[in-house]
Every structure is written in C-alpha cells, then in structure tokens.
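This report refers to the structure that appears directly beneath it.
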Amino acid sequence: MVNDIEVRPTNSRVTVRVGDVTVADSEETHVLVEGSLPPRHYFPRDDVRMDLFSPSDSVTHCPYKGDASYWSLIVDGKQFEDIVWSYENPIPEMAVISGLLCFYDEQVTLEVNA
Numbered sequence: 001m002v003n004d005i006e007v008r009p010t011n012s013r014v015t016v017r018v019g020d021v022t023v024a025d026s027e028e029t030h031v032l033v034e035g036s037l038p039p040r041h042y043f044p045r046d047d048v049r050m051d052l053f054s055p056s057d058s059v060t061h062c063p064y065k066g067d068a069s070y071w072s073l074i075v076d077g078k079q080f081e082d083i084v085w086s087y088e089n090p091i092p093e094m095a096v097i098s099g100l101l102c103f104y105d106e107q108v109t110l111e112v113n114a
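Numbering (UniProt numbering), first residue to last: 1 to 114.
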C-alpha cells in the first residue's frame, strides 16, 4: 500500500453510462481507495468503448500513482473533456492499475451490481 492507497478487485459487474449510452461494462474492474477520497473503479481497456473516446493533451501528476493521461468523449453531440484517465506507466507500487481506465464518477452514471 502506498500512502494509504488500497487497490483490490471489485468482484462485481460495473457499468458506466453517459446519458443512454453504455461506455464501459466490466466484471474485471479494480477499485482504488485513497484516504478520504471517493473510491474509483478502474476498467480494463477492452471493456471500454474506446471508439467513442479521443486522446486529450492533458496530463496530471500524482506523487503516489504517477502521470495520468486523459481522453475526452463525444456522446449525442455533447463533448465531455477529460472524462476518463489512465496511468499508462504508474510508479512500481501501483503497477496493478497500469493501462486501466478510470472515469470521473461525477460526470457519468456508474452502477455496481453484485
């Protein structure tokens, strides 16, 4: 664990929708819990509709995970900037989330079904 970060398999089906469009659906997500921040679900890229996303130039740095790359989404003519991110090359302690995608839950409908 790095700085109170825990990553574990979700063991549930997790679906992400934007409006009426399902953009991710997986039974192989990982949930990341970091201190008092809300839990975040990380999706395998194969379970995300990457055809709906375009890479962004945005990059952020987290000292506990590494550099994050972002993608934007266009659904029903509406653009959602930097709605999903990934740590393509995280620090070694966070290798389990390498290449997985995480959505801003505040901008999508995320459902966890046991």
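Beta carbons are placed, not taken as given, at the ideal position from N, Cα and C, and that holds for glycine.
Quiz item: Do you know how far the Cα of Gly-77 is from the Cα of Val-96?
Solution: If I take the Cα positions, the gap works out to 34 Å.
Quiz item: Near Pro-19, which residues of its chain fall below 7 Å by C-beta distance, leaving aside the five closest residues on each side in sequence?
Solution: This sequence places Gly at residue 19; Pro is not what is there. Excluding positions up to five away in sequence, the list reads Val-75 and Asp-76.
Quiz prompt | Beta-carbon contacts of Asp-25 that lie in its chain and below 7 Å, excluding the five residues immediately before and after | solution = These residues qualify, in order along the chain: Thr-15 and Asp-47.
Quiz item: Roughly how many angstroms lie between the CA atoms of Pro-39 and Val-7, to the nearest whole one?
Solution: Spanning the two alpha carbons is a distance of roughly 10 Å.
Self-check item: DSSP-derived helix/strand/coil call for Leu-100
Solution: Looking at Leu-100 - three-state DSSP - the assignment turns out to be coil, as it is neither helix nor strand.
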